[in-house]
Amino acid sequence: MIRGRILVRLEAAPPARVTMEAAAGIAAHLEAELVGLFVEEIELLHWAALPFTREVGLASARSRPLDVKAMERTLRSLANESREALAEVAARTSLRWSFKVARGSMPELLAAAAEADLLVARAAGMRLRPTHVPSAPILLVQERGMASPRFVAVCTAAARPEELALSLNGLLRSSAEPVDIVLLCEDPVLAAQWERKARALLAETGGPHKLRIAVAKDHAELLQLLSRRAGGSVQRFRERHQ
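Per my numbering: the sequence shown ends with 242, consecutive numbering throughout.
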(Lines of atoms letter the chains of each structure in order from A and count residues from 1; the text may use other names and numbers.)
(Lines give C-alpha, C1' and ligand atoms only; values in the text may rest on other atoms or scores of the structure.)
Protein backbone atom coordinates (compact mmCIF):
# COMPACT_ATOMS: atom_id res chain seq x y z
CA MET A 1 0.00 0.00 0.00
CA ILE A 2 1.33 3.44 -0.95
CA ARG A 3 1.80 5.66 2.09
CA GLY A 4 2.46 9.24 1.09
CA ARG A 5 5.04 10.87 -1.14
CA ILE A 6 8.77 11.38 -0.73
CA LEU A 7 9.93 14.35 -2.81
CA VAL A 8 13.58 14.47 -3.87
CA ARG A 9 15.05 17.67 -5.22
CA LEU A 10 17.01 17.17 -8.45
CA GLU A 11 19.36 19.99 -9.33
CA ALA A 12 20.74 21.62 -12.47
CA ALA A 13 23.89 19.56 -11.99
CA PRO A 14 25.03 15.96 -12.54
CA PRO A 15 22.68 13.59 -10.68
CA ALA A 16 23.29 13.38 -6.92
CA ARG A 17 22.98 9.62 -6.55
CA VAL A 18 23.60 9.53 -2.80
CA THR A 19 20.63 11.86 -2.28
CA MET A 20 18.46 9.85 -4.68
CA GLU A 21 19.36 6.59 -2.97
CA ALA A 22 18.59 8.04 0.47
CA ALA A 23 15.17 9.20 -0.76
CA ALA A 24 14.51 5.85 -2.44
CA GLY A 25 15.44 3.97 0.73
CA ILE A 26 13.00 6.01 2.79
CA ALA A 27 10.25 5.63 0.17
CA ALA A 28 10.76 1.86 0.11
CA HIS A 29 10.66 1.66 3.91
CA LEU A 30 7.42 3.67 4.04
CA GLU A 31 5.92 2.07 0.91
CA ALA A 32 5.58 5.60 -0.41
CA GLU A 33 5.78 7.09 -3.89
CA LEU A 34 9.14 8.59 -4.88
CA VAL A 35 8.71 11.91 -6.70
CA GLY A 36 11.68 13.52 -8.43
CA LEU A 37 11.39 17.28 -8.93
CA PHE A 38 13.92 18.90 -11.27
CA VAL A 39 13.82 22.66 -10.80
CA GLU A 40 15.04 24.88 -13.62
CA GLU A 41 16.15 27.72 -11.39
CA ILE A 42 15.04 31.01 -12.87
CA GLU A 43 18.22 32.69 -11.60
CA LEU A 44 20.30 30.63 -14.05
CA LEU A 45 18.21 31.88 -16.96
CA HIS A 46 18.51 35.46 -15.70
CA TRP A 47 22.29 35.12 -15.60
CA ALA A 48 22.37 33.59 -19.08
CA ALA A 49 20.49 36.62 -20.41
CA LEU A 50 23.21 39.01 -19.23
CA PRO A 51 25.45 40.24 -22.10
CA PHE A 52 28.74 39.49 -20.29
CA THR A 53 27.92 35.88 -19.30
CA ARG A 54 30.22 33.26 -20.83
CA GLU A 55 30.77 29.53 -20.42
CA VAL A 56 34.07 27.64 -20.45
CA GLY A 57 34.27 24.22 -22.10
CA LEU A 58 35.67 21.48 -19.89
CA ALA A 59 37.60 19.83 -22.72
CA SER A 60 38.73 22.88 -24.69
CA ALA A 61 39.02 25.39 -21.81
CA ARG A 62 37.76 27.97 -24.29
CA SER A 63 35.15 30.52 -23.32
CA ARG A 64 32.14 31.35 -25.46
CA PRO A 65 29.03 33.47 -25.05
CA LEU A 66 26.17 31.90 -23.11
CA ASP A 67 22.59 32.79 -23.97
CA VAL A 68 19.18 31.76 -22.71
CA LYS A 69 18.62 29.16 -25.45
CA ALA A 70 21.96 27.49 -24.69
CA MET A 71 21.12 27.43 -20.98
CA GLU A 72 17.70 25.91 -21.71
CA ARG A 73 19.34 23.15 -23.77
CA THR A 74 21.76 22.45 -20.92
CA LEU A 75 18.91 22.30 -18.41
CA ARG A 76 16.93 19.89 -20.61
CA SER A 77 19.97 17.64 -20.90
CA LEU A 78 20.54 17.66 -17.13
CA ALA A 79 16.85 16.98 -16.52
CA ASN A 80 17.03 13.92 -18.81
CA GLU A 81 20.12 12.67 -16.96
CA SER A 82 18.35 13.10 -13.63
CA ARG A 83 15.25 11.28 -14.86
CA GLU A 84 17.30 8.32 -16.10
CA ALA A 85 19.24 8.15 -12.83
CA LEU A 86 16.03 8.30 -10.78
CA ALA A 87 14.46 5.54 -12.87
CA GLU A 88 17.52 3.35 -12.31
CA VAL A 89 17.50 3.92 -8.54
CA ALA A 90 13.74 3.32 -8.26
CA ALA A 91 13.92 0.13 -10.32
CA ARG A 92 16.19 -1.54 -7.78
CA THR A 93 13.42 -1.61 -5.20
CA SER A 94 10.40 -1.67 -7.55
CA LEU A 95 9.27 1.73 -6.29
CA ARG A 96 6.34 3.62 -7.69
CA TRP A 97 7.91 6.84 -8.93
CA SER A 98 7.29 9.95 -10.98
CA PHE A 99 9.35 12.80 -12.38
CA LYS A 100 8.48 16.46 -12.79
CA VAL A 101 10.23 19.48 -14.27
CA ALA A 102 9.33 22.92 -12.95
CA ARG A 103 10.76 26.34 -13.66
CA GLY A 104 11.02 28.59 -10.66
CA SER A 105 13.17 29.31 -7.64
CA MET A 106 14.07 27.77 -4.32
CA PRO A 107 11.06 29.23 -2.44
CA GLU A 108 8.73 27.62 -5.00
CA LEU A 109 10.47 24.29 -4.44
CA LEU A 110 9.86 24.61 -0.72
CA ALA A 111 6.22 25.46 -1.41
CA ALA A 112 5.91 22.29 -3.49
CA ALA A 113 7.33 20.34 -0.55
CA ALA A 114 4.20 21.17 1.43
CA GLU A 115 2.36 18.57 -0.66
CA ALA A 116 4.85 15.83 0.27
CA ASP A 117 5.51 13.96 3.51
CA LEU A 118 9.25 14.61 3.29
CA LEU A 119 11.59 16.63 1.08
CA VAL A 120 15.03 15.10 0.51
CA ALA A 121 17.68 17.43 -0.90
CA ARG A 122 21.42 17.74 -1.18
CA ALA A 123 22.70 20.17 1.44
CA ALA A 124 25.16 21.85 -0.92
CA GLY A 125 23.46 24.79 -2.57
CA MET A 126 20.26 24.52 -0.51
CA ARG A 127 18.94 27.98 0.23
CA LEU A 128 16.27 28.76 2.82
CA ARG A 129 14.29 31.92 3.40
CA PRO A 130 15.00 33.34 6.85
CA THR A 131 11.25 33.60 7.46
CA HIS A 132 9.93 30.37 5.99
CA VAL A 133 10.35 26.67 6.64
CA PRO A 134 7.86 24.34 4.90
CA SER A 135 5.42 22.35 6.99
CA ALA A 136 6.86 19.08 5.68
CA PRO A 137 10.22 18.05 7.18
CA ILE A 138 13.35 18.46 5.03
CA LEU A 139 16.13 15.88 5.04
CA LEU A 140 19.41 17.43 3.93
CA VAL A 141 22.06 15.04 2.62
CA GLN A 142 25.64 16.17 2.91
CA GLU A 143 27.56 14.37 0.19
CA ARG A 144 31.14 14.72 1.29
CA GLY A 145 32.77 12.43 -1.24
CA MET A 146 32.95 9.76 1.45
CA ALA A 147 31.37 6.35 1.88
CA SER A 148 29.12 7.64 4.69
CA PRO A 149 27.12 10.83 4.03
CA ARG A 150 25.67 12.96 6.83
CA PHE A 151 21.95 13.55 7.26
CA VAL A 152 20.30 16.61 8.83
CA ALA A 153 16.50 16.73 9.23
CA VAL A 154 14.83 20.15 9.53
CA CYS A 155 11.29 20.55 10.82
CA THR A 156 8.92 22.62 12.92
CA ALA A 157 7.00 21.42 15.96
CA ALA A 158 4.02 21.00 13.62
CA ALA A 159 5.71 17.88 12.23
CA ARG A 160 4.50 14.75 13.99
CA PRO A 161 7.36 12.92 15.76
CA GLU A 162 5.74 9.60 14.81
CA GLU A 163 6.01 10.32 11.09
CA LEU A 164 9.56 11.64 11.33
CA ALA A 165 10.57 8.59 13.38
CA LEU A 166 9.28 6.31 10.62
CA SER A 167 11.19 8.27 7.99
CA LEU A 168 14.49 8.25 9.92
CA ASN A 169 14.26 4.69 11.20
CA GLY A 170 16.25 3.15 8.39
CA LEU A 171 18.86 5.93 8.37
CA LEU A 172 19.58 5.52 12.07
CA ARG A 173 20.14 1.83 11.56
CA SER A 174 22.34 2.08 8.49
CA SER A 175 24.18 5.41 8.78
CA ALA A 176 27.71 5.33 10.12
CA GLU A 177 27.35 9.01 11.04
CA PRO A 178 25.02 10.59 13.63
CA VAL A 179 21.67 11.79 12.29
CA ASP A 180 20.80 15.37 13.28
CA ILE A 181 17.37 16.90 13.78
CA VAL A 182 17.10 20.69 13.88
CA LEU A 183 13.72 21.67 15.33
CA LEU A 184 12.32 25.17 14.88
CA CYS A 185 10.14 25.98 17.91
CA GLU A 186 9.94 29.20 19.91
CA ASP A 187 8.14 27.54 22.85
CA PRO A 188 10.75 25.75 25.03
CA VAL A 189 8.11 23.63 26.80
CA LEU A 190 6.63 22.41 23.50
CA ALA A 191 10.13 21.82 22.12
CA ALA A 192 11.07 19.70 25.15
CA GLN A 193 7.87 17.64 24.81
CA TRP A 194 8.50 17.13 21.09
CA GLU A 195 12.11 16.07 21.72
CA ARG A 196 11.16 13.58 24.46
CA LYS A 197 8.55 11.98 22.25
CA ALA A 198 10.88 11.82 19.25
CA ARG A 199 13.68 10.26 21.29
CA ALA A 200 11.33 7.68 22.80
CA LEU A 201 10.09 6.69 19.35
CA LEU A 202 13.52 6.65 17.72
CA ALA A 203 15.05 4.67 20.59
CA GLU A 204 13.31 1.65 19.10
CA THR A 205 15.64 1.82 16.08
CA GLY A 206 18.49 0.40 18.14
CA GLY A 207 20.71 3.43 17.62
CA PRO A 208 19.47 6.30 19.81
CA HIS A 209 23.06 7.26 20.54
CA LYS A 210 23.39 8.27 16.87
CA LEU A 211 20.56 10.81 17.13
CA ARG A 212 21.28 14.47 17.89
CA ILE A 213 18.47 17.01 18.35
CA ALA A 214 19.04 20.77 18.42
CA VAL A 215 16.30 23.35 18.98
CA ALA A 216 16.24 26.76 17.28
CA LYS A 217 13.97 29.39 18.81
CA ASP A 218 13.88 31.53 15.65
CA HIS A 219 14.87 31.47 11.99
CA ALA A 220 18.20 33.19 12.56
CA GLU A 221 19.25 30.51 15.03
CA LEU A 222 17.92 27.85 12.66
CA LEU A 223 20.24 29.03 9.89
CA GLN A 224 23.18 29.14 12.30
CA LEU A 225 22.53 25.57 13.46
CA LEU A 226 22.13 24.34 9.91
CA SER A 227 25.37 26.00 8.90
CA ARG A 228 27.19 24.08 11.62
CA ARG A 229 25.37 20.76 11.22
CA ALA A 230 25.51 20.72 7.41
CA GLY A 231 29.10 21.87 7.17
CA GLY A 232 28.25 25.37 5.98
CA SER A 233 26.49 24.01 2.88
CA VAL A 234 23.07 25.53 3.55
CA GLN A 235 22.74 29.12 2.40
CA ARG A 236 20.32 31.89 3.22
CA PHE A 237 18.01 32.68 0.32
CA ARG A 238 18.54 36.21 -0.92
CA GLU A 239 15.74 38.03 -2.60
CA ARG A 240 16.40 39.15 -6.16
CA HIS A 241 15.88 42.90 -6.35
CA GLN A 242 14.65 44.45 -9.52
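Ideal placement from N, C-alpha and C gives every residue a C-beta, glycine not left out.
Burial state of residue i (16 or more Cβ within 10 Å)
i    : result
A124 : buried
E204 : exposed
V120 : buried
L139 : buried
V179 : buried
D218 : exposed
E33  : buried
S82  : buried
E31  : exposed
L223 : buried
From the options, residue whose alpha carbon lies closest to that of residue i
i    : options               : result
W97  : G25, P149, L78        : G25
L172 : D117, E221, R92, A22  : A22
I6   : P14, M20, A27         : A27
E143 : P14, V18, G4, A13     : V18
A216 : E72, T156, E162, V101 : T156
Residue i - DSSP class collapsed to helix/strand/coil
i    : result
R83  : helix
E40  : strand
L139 : strand
G4   : coil
L95  : coil
Close Cβ partners of residue i (< 7 Å) along its chain, the five nearest in sequence each way excluded
i    : result
A159 : P137
Same chain only: Cβ atoms within 8 Å of residue i, ignoring 5 sequence neighbours per side
i    : result
G170 : G25, I26, H29
Neighbourhood of residue i by C-beta distance below 6 Å, restricted to the same chain and skipping five residues each side
i    : result
I213 : I181, E195
Closer than 7 Å: residue i CB and nearest the ligand HEM heavy atom
i   : result
T93 : Absence of the ligand HEM from the depicted structure is noted, as is the absence of any ligand whatsoever, leaving it without description.
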